[in-house]
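Here is the structure we will look at, set down as structure tokens.
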């Protein structure tokens with residue numbers, strides 16, 4: 266990361282590409298026990314959160330990520346009631362999960378309370394469901410939380426973390442996935458952000474291999490646009506406790522969803538299931 | 266545009282965002298009568314072509330754009346035989362068009378011969394069909410070419426141009442679209458690159474209004490990922506001479522296509538037809 270004039274720029278070493286946003290001013294900064302969190306105001310993207318030099322989200326484009334991290338998994342599970350979000354401190358994924366009337370309990374476990382405090386201040390729209398009686402916000406180690414979860418107690422686990430370096434490194438390996446598998450009920454779904462489908466396929470392959478090694482059955486990677494992340498194209502990977510695949514989902518429920526979305530629809534979900542040939546080949550699908 | 270260390274960066278004034286690529290070296294540069302063309306070698310994206318400071322394409326990600334500029338239109342038309350490409354000097358769209366065995370004639374009309382000369386040298390894979398007996402490469406004014414085209418002579422017109430500033434400005438207005446409409450047979454299709462579906466929707470709306478004013482019937486905007494353009498998310502807009510829409514296409518032919526693609530499939534095509542709610546609202550679809 267380096268500043269030039271009034272632009273925030275992030276150079277991605279692994280992809281050899283860079284993304285930047287034009288700034289009007291810096292709004293805030295805090296050094297938590299885990300990481301440095303910065304908030305900027307941009308000219309065209311609303312507010313921008315940066316953690317340790319890496320863009321986390323902007324006001325303008327986070328709906329793409331948050332909708333795709335939650336609705337495909339929740340509309341694939343037949344009746345999700347108990348959901349855990351590991352990471353997700355900006356609370357945007359939690360808000361989307363709680364839109365599902367069938368969800369009875371949604372726990373968000375992020376290691377860094379300061380991420381949520383900053384989100385409350387600079388992305389208040391993402392935190393508007395934090396007071397929901399079904400929501401529980403924990404600030405704790407997600408790896409330990411999943412390890413100690415009661416076996417067979419969860420329907421969906423959403424891993425909404427930073428990249429596999431620093432605090433989030435332990436969320437991308439076999440031991441963590443084994444904890445998730447144990448905590449899920451049969452047929453339960455794990456969904457995790459899985460990096461760029463164009464430039465970070467090796468990372469995606471490693472992640473899927475670790476899920477497979479941990480005992481997950483079917484797996485599916487769904488690409489979606491995300492301008493603020495490397496290459497502007499991102500993905501989530503769904504993994505199932507059991508062998509049932511992801512080609513079908515509750516499409517009628519998705520089409521008749523009792524809440525508004527900006528990106529997700531049943532047809533968009535179907536579109537995201539259409540793996541491009543080059544990616545299918547790379548993943549061995 | 267400014268260079269910093271070994272990065273090429275392009276700052277997009279209209280979107281308030283920036284994209285960059287890490288460079289190893291500059292390979293070539295030419296000032297044509299129309300524009301300045303630069304070629305760089307990147308660390309991760311192969312070769313990079315820049316025109317007047319704007320990224321045109323990279324070796325690594327151009328397949329997304331070229332496949333989506335050609336196959337959706339050609340698999341929507343019932344039997345495309347006569348195709349004209351306005352712009353497209355890198356020859357990548359021409360190559361994709363010529364993959365369709367039913368195409369009898371494909372004219373590429375780019376105003377700047379130097380773009381094609383540079384593509385032959387630094388993107389030879391895109392030019393591998395230039396010697397096809399069905400191909401005709403013209404270096405001429407696309408606006409005049411379309412104006413002088415015989416009425417009702419074409420099945421598909423593909424406008425594969427730079428942005429609506431500089432040489433390409435005249436390819437985004439009513440007068441040009443009227444020429445296209447006249448040159449198309451009934452049921453013929455116009456397809457044009459239509460900028461970022463997230464950050465440049467106003468431009469897309471103006472373009473669609475001009476197409477409508479010119480007399481085009483149905484219209485449809487298909488988003489697709491394109492890392493080297495602003496926001497990493499791009500689109501093409503299809504317009505029809507006639508009222509028949511774009512919801513159906515020759516999906517069996519697309520699924521059984523006698524050539525390999527890396528991104529396009531019948532399912533990807535269907536996915537691109539799934540307009541996200543925010544975009545449908547913005548476009549008044």
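Chains as they are written, first to last, in the numbering used here: chain C, 266 to 550; chain X, 266 to 550. For every residue, glycine included, the Cβ atom is placed at its ideal position computed from N, Cα and C. Remember, it's a predicted structure, so these values are computed and weren't measured experimentally.
As an exercise, report each continuous beta strand (DSSP E) stretch of at least 3 residues that is fully enclosed by the segment 324 to 354 of chain X, in chain order. The qualifying runs are 347 to 352.
Any idea if residue 430/X is buried or exposed, counting beta-carbon neighbours within 10 angstroms, 16 or more meaning buried? Start at 1 with the first residue of the second chain, and residue 430/X comes out as number 165. Residue 430/X should be labelled exposed.
With a threshold of 16 other CB atoms inside 10 Å of the CB of residue 540/X, please say whether the residue is buried or exposed. Taking the first residue of the second chain as 1, we reach residue 540/X at position 275. Buried, by the Cβ-count rule.
Residues that residue 283/X contacts on chain C, provided the C-beta gap is smaller than 8 angstroms: Reading the second chain from its first residue, position 18 is the one you call residue 283/X. Contact of residue 283/X with chain C by beta-carbon distance below 8 angstroms involves 272, 274, 283, 284, 285, 286, 287.
If we define contact as Cβ-Cβ less than 8 angstroms, is residue 490/C a contact residue for chain X? Here the question's residue 490/C lines up with position 225 in the first chain. Yes, residue 490/C counts as interfacial toward chain X.
From the DSSP output, read off the bridge partner residues of residue 285/C. Position 20 of the first chain, counted from the first residue, corresponds to residue 285/C. In the DSSP output, where bridge partners are listed per residue, residue 285/C has 274/C, 283/X.
Beta-carbon separation of residue 323/C and residue 493/C under 8 angstroms? Your numbering for residue 323/C matches position 58 in the first chain. Your numbering for residue 493/C matches position 228 in the first chain. Contact flag set, yes.
Starting from the Cα of residue 329/X, find the closest Cα among 419/X, 306/X, 464/X, 529/X and give me that residue. For this step, residue 329/X is matched to residue 64 along the second chain. For the residues 419/X, 306/X, 464/X, 529/X, the minimum Cα distance to residue 329/X belongs to 529/X.
Quickly, what does DSSP pair residue 519/X with across the bridge? List them, please. Position 254 of the second chain holds residue 519/X. Note: residue 519/X sits in no beta bridge, so no partner.
Which residues, in order along the segment 513 to 541 of chain C, keep a beta-carbon less than 9 angstroms from a beta-carbon of chain X? 525, 526, 527, 528, 529, 530, 531, 532, 533, 534, 535, 536, 537, 538, 539, 540, 541
Report the CB separation of residue 347/X from residue 420/X in whole angstroms; it is logged as a contact under 8 angstroms. By one-based count along the second chain, residue 347/X stands at place 82. By one-based count along the second chain, residue 420/X stands at place 155. The Cβ separation is near 5 angstroms, so the contact holds.
Which residue or residues does DSSP assign as beta-bridge partners of residue 312/C? Walking along the first chain from the start, residue 312/C turns up at place 47. The partner list for residue 312/C (beta bridge, DSSP) reads 306/C.
Against chain C, which members of the segment 320 to 336 of chain X pass a CB distance test of less than 7 angstroms? 326
Any C-beta of chain C sitting closer than 8 angstroms to the C-beta of residue 305/X? For this step, residue 305/X is matched to residue 40 along the second chain. No, its Cβ sits nowhere closer than 8 angstroms to a Cβ of chain C.
Let's see if you can read the secondary structure: which residues bound the beta strand (DSSP E) around residue 370/C? Locating residue 370/C in the first chain gives position 105, counting from the first residue. Residues 370 to 375.
Does DSSP put residue 532/X in a helix, a strand or coil? By one-based count along the second chain, residue 532/X stands at place 267. Residue 532/X falls in the helix class under three-state DSSP.
Grouping DSSP H, G and I as helix and E and B as strand, with all else coil, what is residue 381/X? Working through the second chain from its first residue, we reach residue 381/X at position 116. Of the three classes helix, strand and coil, the one that applies to residue 381/X here is helix, per DSSP.
How would you call residue 538/X, buried or exposed, if buried means at least 16 neighbouring beta carbons within 10 angstroms? Translated into positions along the second chain, residue 538/X becomes position 273. Burial call: buried.
Residues of chain X with CB closer than 8 angstroms to the CB of residue 309/C, please, in chain order. To locate residue 309/C, count along the first chain from 1; it is residue 44. Correct list: 280, 281, 282, 464.
Residue 401/X by DSSP, collapsed to three states: which one? Residue mapping note: residue 401/X aligns to position 136 of the second chain, counting from 1. If DSSP states are grouped into helix, strand and coil, residue 401/X belongs with the strands.
For residue 522/C, which of 470/C, 468/C, 366/C has the nearest alpha-carbon? Within the first chain, numbered from 1, the residue matching residue 522/C stands at position 257. Minimum Cα distance to residue 522/C is reached at 366/C.
Cutoff 8 angstroms: residue 496/X Cβ touching any chain C Cβ: Translated into the one-based positions of the second chain, residue 496/X becomes position 231. Residue contact check for residue 496/X against chain C: a CB pair falls below 8 angstroms.
Opposing strand residues paired with residue 423/C [DSSP bridges]: Stepping through the first chain from its first residue, residue 423/C is reached at position 158. Per DSSP, 350/C, 456/C.
Cα-Cα separation between residue 465/C and residue 279/C, rounded to whole angstroms: As a position in the first chain, residue 465/C is number 200, starting the count at 1. As a position in the first chain, residue 279/C is number 14, starting the count at 1. In this model, residue 465/C and residue 279/C are separated by some 8 angstroms (Cα to Cα).
Just by C-beta distance, which residues in the segment 379 to 403 of chain C are closer than 9 angstroms to chain X? none
With a threshold of 8 angstroms between beta carbons, is residue 410/C in contact with chain X? The count along the first chain starts at 1 and reaches residue 410/C at position 145. Residue 410/C does not count as touching chain X.
According to the Cβ coordinates, are residue 433/X and residue 476/X closer than 8 angstroms? Mapped onto the second chain, residue 433/X falls at position 168. Mapped onto the second chain, residue 476/X falls at position 211. The Cβ atoms of residue 433/X and residue 476/X do not sit closer than 8 angstroms to each other.
Residue 485/C - partner residues in DSSP beta bridges: Position 220 of the first chain, counting from 1, holds the residue named residue 485/C. Paired residues: 503/C.
Which residue from 371/X, 391/X, 309/X, 426/X puts its Cα closest to that of residue 327/X? The residue you call residue 327/X lines up with position 62 of the second chain. For the residues 371/X, 391/X, 309/X, 426/X, the minimum Cα distance to residue 327/X belongs to 391/X.
Residue 316/C beta carbon less than 8 angstroms from that of residue 427/C: For the purposes of this step, residue 427/C is taken as residue 162 along the first chain, with counting starting at 1. For the purposes of this step, residue 316/C is taken as residue 51 along the first chain, with counting starting at 1. Against a cut-off of 8 angstroms, the Cβ pair of residue 316/C and residue 427/C comes out as a contact.
Tell me whether residue 296/C is buried or exposed, calling it buried when 16 or more other Cβ atoms sit within 10 Å of its Cβ. Within the first chain, residue 296/C is the residue found at index 31, counting from 1. Residue 296/C comes out exposed.
Bridge partner(s) assigned by DSSP for residue 319/X: One-based indexing of the second chain puts residue 319/X at position 54. By DSSP's assignment, residue 319/X forms a beta bridge with 316/X.
Nearest-angstrom Cα separation, counted from residue 411/C out to residue 374/C: As a first step, residue 374/C is located in the first chain; it is residue number 109 there, counting from the start. As a first step, residue 411/C is located in the first chain; it is residue number 146 there, counting from the start. If you take the alpha carbons of residue 374/C and residue 411/C, they lie about 9 angstroms apart.
Distance, Cα to Cα, residue 534/C vs residue 340/C? Numbered from its first residue, the first chain carries residue 534/C at position 269. Numbered from its first residue, the first chain carries residue 340/C at position 75. Spanning the two alpha carbons is a distance of roughly 9 angstroms.
Using a Cβ-Cβ cut-off of 8 angstroms, state whether residue 543/X counts as contacting chain C. Looking up residue 543/X in the second chain gives position 278. For residue 543/X, the nearest beta carbon of chain C is closer than 8 angstroms to its own beta carbon.
With 16 as the cutoff for other CB atoms within 10 Å, does residue 524/C come out buried or exposed? The residue you call residue 524/C lines up with position 259 of the first chain. Looking at its Cβ environment, which holds fewer than 16 other Cβ atoms inside 10 Å, residue 524/C is exposed.
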